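> The structure's right below; bear with me while I get my questions together.
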Amino acid sequence: MTNKFDQVFSSVPSQTRKRLQKHFEKIRHDHALGRYESSELNGGKFCETVVLVLEWYVKSRGVVVGGKPTTRVDTRIRRIMGLSCKELLESFRLNVPDVLLSVLRIRNKRGVAHINGDVDPNYMDSTYVVAAANWVMAELVRVLYSVTLEEATRLVDRITTKRIPLVWEIGDRKRVISPPGMKLNARQKVLALLYNEYPEPMYDETLLTWTRYSRSNRKRFESNVLGKLDKCDQIDYDKQTGEVNILPPGLTYVEENILDRS
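Under this note's numbering, the first residue of the sequence shown carries the number 10, and numbering increases by one thereafter.
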């Protein structure tokens, strides 16, 4: 985030402000990288943090909501909804809490089977969570920073660090985009692609193409890239079938050395 975030939310307690920043950013980041379940999970944490903001806002106006931080978050939300219009703006009393409850319902049903298998429910749920978080943030900015909704929406985009997805889809192929200040080598690109497709396997031919490795050096790609990754247990490479699967050490490497830089 830029310093603009601290400026916009300067009145919010520091610890709560940092949590709000962290979870809002994480929701958008995970969704952009296709980590939909993680995005939904952080949607729940985002809701809990927004409740802290609302409780702080109410308390700053001399109104006691009641309850403790350990109280169920949906119970705390409904207590806020039970306040009078004189104590709290309608947006903070009804609209924002309604959206938070809907996001919590998405979070709580993660992993539940959906009837229609044509569309990945995690993608659709995560898309909703991102849109809801953007709307809630715009409302927080609008009220706390005293601007119009249009200006609040623009500010949300400005205070959010722009993150580029690690793997970009172009038609029927994909391409790895190196994080800022980091040039990924062929092995790292292979791991990034496999991570993006996990738990589905990929094939050496596809990896050769999508990493943009020279076809004239195919043998070197198989030995120096896939072979060495297989040797250090980051992938499992079946030379006979060409099938490649990422292993736990490979997943860990991507998360700790590539995703944290994106």
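C-beta: ideal position from N, C-alpha, C; glycine also.
Computed from a predicted structure; not experimentally measured.
Per DSSP, what kind of secondary structure is Y222 in: helix, strand or coil?
Residue state, collapsed to three classes: coil.
> Let me check understanding here. Comparing Cα to Cα, which of Q249, L61, F14 and P208 lies closest to L109?
Checked all of Q249, L61, F14 and P208; the closest Cα to L109 is L61.
> Can you name the residues that DSSP bridges to I179?
The partner list for I179 (beta bridge, DSSP) reads R182.
> Taking just the CA atoms, how far does E46 sit from V121?
Because V121 sits at a pLDDT of 46, beneath the cut-off of 50, its placement in the model cannot be relied upon, and the following sentence gives the value as read from the coordinates. When rounded, the distance between both Cα atoms is 12 Å.
> Tell me where the beta strand (DSSP E) around D245 begins and ends.
D245 -> beta strand (DSSP E) spans I244 to Y246.
> Should W177 go down as buried or exposed, given a rule of 16 or more other Cβ atoms within 10 Å for buried?
Label assigned to W177: exposed.
> Excluding sequence positions up to five away, which residues of its chain have a Cβ less than 7 Å from the Cβ of N51?
Counting only Cβ-Cβ distances below 7 Å, and skipping sequence neighbours, we find H32, K35, I36 and D39.
> I believe L200 touches Y262 by the beta-carbon criterion, under 8 Å. Please report the beta-carbon distance rounded to the nearest angstrom.
So it is a contact: roughly 6 Å between Cβ atoms.
> Restricting to Cα atoms, I'd like to know which of N143, N104 and L268 is closest to F55.
Nearest option by C-alpha distance: N143.
> By how many angstroms is the C-alpha of L193 removed from the C-alpha of Y154?
So the two alpha carbons sit approximately 40 Å from each other.
> Quick one: using the 10 Å Cβ neighbour count with 16 as the cut-off for buried, is W165 buried or exposed?
Contrary to the premise, residue 165 reads as Val rather than Trp in this sequence. By the neighbour-count rule (16 or more Cβ atoms within 10 Å), V165 is buried.
> What is the DSSP secondary structure of I267, counted as helix, strand or coil?
If DSSP states are grouped into helix, strand and coil, I267 belongs with coil.
> If you draw a straight line from the C-alpha of Q24 to the C-alpha of V59, how long is it?
Whole-angstrom Cα-Cα distance: 12 Å.
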